[in-house]
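Note that this note's numbering numbers the sequence shown so that position 278 is 279, with each residue one more than the last.
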Amino acid sequence: MPRVLILHASVGTGHKRAAEALAAAFSRRQPGEVRVEDVLDHTSRLFRLAYARSYLELTDRAPLVWGYFYTQTNADPNLAEITNNIRKLVESIGTNGLKEVLRAFQPEVIICTHFLPMELLVGYKRSARLTEPIYCVITDYAAHTFWTYTEIDGYFVGDEQTRAQLIERGISPQQIVVSGIPIDPALAQPNDCRQARIRRDLPLQGTVITLFGGGVDDDHVRQIVSGLMQSPLKATLVVVAGRNTTLVETLSDFISTPNIDLRVLGFIDYVDDLITASDLVITKAGGLIVSEVLARGTPMIIIDPIPGHEEWNADYVVSTGSGIQLRMCESTPRAVLNLLNHPTMLSEMRKCAQAAARPRAALDIAEKVIADLERHRYD
2 MPRVLILHAS
12 VGTGHKRAAE
22 ALAAAFSRRQ
32 PGEVRVEDVL
42 DHTSRLFRLA
52 YARSYLELTD
62 RAPLVWGYFY
72 TQTNADPNLA
82 EITNNIRKLV
92 ESIGTNGLKE
102 VLRAFQPEVI
112 ICTHFLPMEL
122 LVGYKRSARL
132 TEPIYCVITD
142 YAAHTFWTYT
152 EIDGYFVGDE
162 QTRAQLIERG
172 ISPQQIVVSG
182 IPIDPALAQP
192 NDCRQARIRR
202 DLPLQGTVIT
212 LFGGGVDDDH
222 VRQIVSGLMQ
232 SPLKATLVVV
242 AGRNTTLVET
252 LSDFISTPNI
262 DLRVLGFIDY
272 VDDLITASDL
282 VITKAGGLIV
292 SEVLARGTPM
302 IIIDPIPGHE
312 EWNADYVVST
322 GSGIQLRMCE
332 STPRAVLNLL
342 NHPTMLSEMR
352 KCAQAAARPR
362 AALDIAEKVI
372 ADLERHRYD
């Protein structure tokens, strides 16, 4: 088993979860040295706070500004080049600690689930300070120009469209594997709906709907919950606040009704059981949560996507027939009722989700990386 270094940046949660899924996949392949590092942990405190907060605050407080920046830098090569040069200068000042990680661990292969460590490693490779292979795992269903480096030894992407985008930007087709986005390898194993409901004290009969509210505007969640509770729907409605620390309090004045059994949860560690137990999932369009829901074949309603990468993920869900996207959260209760009143439509969405799912992505990526290393050793 080679020494595998998996690098991410804690900007949002998806990049870290993808890295952890890969680490679990390598460990299942055979015991060995696998190390997951947040590149921001090896920077100055000032840089770490500025880098992470600039993204989180823009996407939370000024999503349209973020969307404009993200779209323009992807569409205009000249603007992207200027932005890249500024970003690289700042990063070179703030991330010298990564060199110490490389020196201490001496990895035989490096995998990046965020473009920040990838940019730094490519710089080392260009100056001949790094010879080990570098792989990139894109954690959305589209490839922004930030991810594009011809020096990368291999790309793993979620779908054919992402592959085509990379090829258009000069990446060799031989460098790209359509693997799916890596999620916990446990999702490659069946999870029984009945057993999941028993474990989580959910009714064995009747409708279960889960709303993942982490990252969703509190007022939007209130509108959805209020609309569902005033509708003729009969169901168990589970709202998961996740990293949204204010949402539980925001919903504290809602109580269950004879028709709706409302359960508001904070941070949980059994997301997969809720997805498996649900007839319908309402969520944002992060690459990881979308891939996890697809893995269980559960239909989705996408709300509040962050402009840019989450809009692309939402388009992917809709284009596969696995779910629908709503621009107005107020429309969610009506959409829920419509889907539940048309079981044939819901059944078709389940089939489409199962067809689009790649629950073995992390395992397949680990197998491909190890096979590449073994082949190179005998070349």
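Think of the CB as a built atom: it goes at the ideal place given N, C-alpha and C, for glycine as much as any other residue.
Could you check what DSSP says for glutamine 190 in three-state terms: helix, strand or coil?
Coil.
Considering only C-alpha positions, which residue in the set Ser28, Gln31, Arg46 and His16 is nearest to glutamate 38?
The shortest Cα separation from glutamate 38 among Ser28, Gln31, Arg46 and His16 belongs to His16.
Could you check whether proline 186 and alanine 381 sit closer than 7 Å to each other, using their CB atoms as the reference points?
Examination of residue 381 is not possible in this model, given that the chain is present from 2 through 380 alone.
Taking the alpha carbon of phenylalanine 255 as the reference point, which residue from Ile225, Pro233 and Arg244 has its own alpha carbon closest?
Of the listed residues, the one whose Cα sits closest to phenylalanine 255 is Ile225.
State the beta-bridge partners of threonine 237 as determined by DSSP.
Looking at the DSSP assignment, threonine 237 forms a beta bridge with Val209 and Asp262.
Select from Val102, Leu6 and Asp220 the residue whose C-alpha is nearest the C-alpha of valine 249.
The option with the nearest alpha carbon to valine 249 is Asp220.
Determine whether the beta carbon atoms of alanine 197 and alanine 296 lie at a separation below 7 Å.
No.
If we ignore side chains and look at the alpha-carbon of each, how far apart do threonine 247 and serine 257 end up?
In a straight line, the C-alpha of threonine 247 is about 20 Å away from that of serine 257.
Would DSSP call arginine 29 helix, strand or coil?
Correct three-state label for arginine 29: helix.
On the CB-based measure, 16 or more other CB atoms within 10 Å of its CB, does threonine 151 come out buried or exposed?
The residue is exposed, with fewer than 16 neighbouring Cβ atoms inside 10 Å.
Would isoleucine 302 and alanine 354 be called neighbours here (beta carbons separated by less than 7 Å)?
Taking 7 Å as the Cβ cut-off, isoleucine 302 and alanine 354 do not qualify as a contacting pair.
Name the two residues that bound the continuous beta strand (DSSP E) containing cysteine 113.
Unbroken beta strand (DSSP E) run through cysteine 113: 110-113.
How should aspartate 274 be labelled, buried or exposed, when 16 other C-beta atoms within 10 angstroms of its C-beta is the threshold for buried?
Label assigned to aspartate 274: buried.
Which stretch, first to last residue, makes up the alpha helix (DSSP H) that contains phenylalanine 147?
Unbroken run through phenylalanine 147: none, as it is neither H nor E.
Where does threonine 163 sit, in a helix, a strand or coil, going by DSSP?
Reduced to three states, the DSSP call for threonine 163 is helix.
Roughly how many angstroms separate the alpha carbons of threonine 251 and asparagine 314, rounded to a whole number?
Straight-line Cα distance between these residues: approximately 28 Å.
Would you identify the three-state DSSP class for arginine 361, choosing helix, strand or coil?
If DSSP states are grouped into helix, strand and coil, arginine 361 belongs with coil.
Which residues mark the beginning and the end of the beta strand (DSSP E) in which methionine 230 is found?
Per DSSP, methionine 230 belongs to no beta strand (DSSP E); it is in the alpha helix (DSSP H), 219-231.
Look up tyrosine 156 in the DSSP assignment and say whether it is helix, strand or coil.
Three-state result, tyrosine 156: strand.
Could you have a look at valine 318 and say whether DSSP puts it in helix, strand or coil?
In the structure shown, valine 318 sits in a helix (DSSP, three-state: H, G or I).
For lysine 338, which option in Val138, Ala19, Gln231 and Ser28 has the closest C-alpha, if you only look at C-alpha atoms?
This sequence places leucine at residue 338; lysine is not what is there. The option with the nearest alpha carbon to leucine 338 is Gln231.
If we count Cβ pairs, one from each stretch, closer than 8 Å, do we get three or more for the region 130-145 versus the region 278-298?
Cβ pair count under 8 Å is three or more, so yes.
Under DSSP, the alpha helix (DSSP H) around glutamate 120 begins and ends at which residues?
Run containing glutamate 120: 116-127, per the alpha helix (DSSP H) assignment.
Does the region 162-178 come close enough to the region 239-246 to have 3 or more Cβ pairs within less than 8 Å?
Touching, no.
Can you find the residues in the same chain that come closer than 6 Å, C-beta to C-beta, to glycine 322, ignoring five residues on each side of it along the sequence?
The answer, listed in chain order, is Cys353.
What's the gap between the Cα of isoleucine 87 and the Cα of aspartate 154?
Note that isoleucine 87 scores a pLDDT of 48, beneath 50, so its modelled location is shaky; the value from the coordinates is reported in the next line. Approximately 25 Å, taken between the alpha carbons.
Quick one, are the C-beta atoms of alanine 22 and isoleucine 276 less than 7 Å apart?
Not a contact, by the Cβ cut-off of 7 Å.
Please report the distance separating the alpha-carbon of leucine 266 from that of proline 334.
Approximately 20 Å between the Cα atoms of the pair.
How is methionine 350 classed by DSSP in three states: helix, strand or coil?
If DSSP states are grouped into helix, strand and coil, methionine 350 belongs with the helices.
Counting only the same chain and skipping the five closest in sequence on each side, list residues whose C-beta sits under 7 Å from that of alanine 189.
Closer than 7 Å at the Cβ level, and outside the excluded window around alanine 189, lie Pro360, Arg361 and Leu364.
Would DSSP call glycine 324 helix, strand or coil?
Strand at glycine 324.
What first and last residue would you give for the beta strand (DSSP E) that runs through threonine 284?
281-284 is the extent of the beta strand (DSSP E) around threonine 284.
What's the gap between the Cα of alanine 134 and the Cα of valine 40?
The amino acid occupying residue 134 in the given sequence is proline; alanine does not appear at that position. Taking the straight line from one Cα to the other gives about 18 Å.
Would valine 241 and phenylalanine 213 qualify as a contact pair, given that the criterion is a beta-carbon distance under 7 Å?
Their beta carbons are under 7 Å apart, which means valine 241 touches phenylalanine 213 by this criterion.
Is it the case that the Cβ atoms of aspartate 280 and threonine 208 are separated by a distance below 7 Å?
Yes, they are a contact pair.
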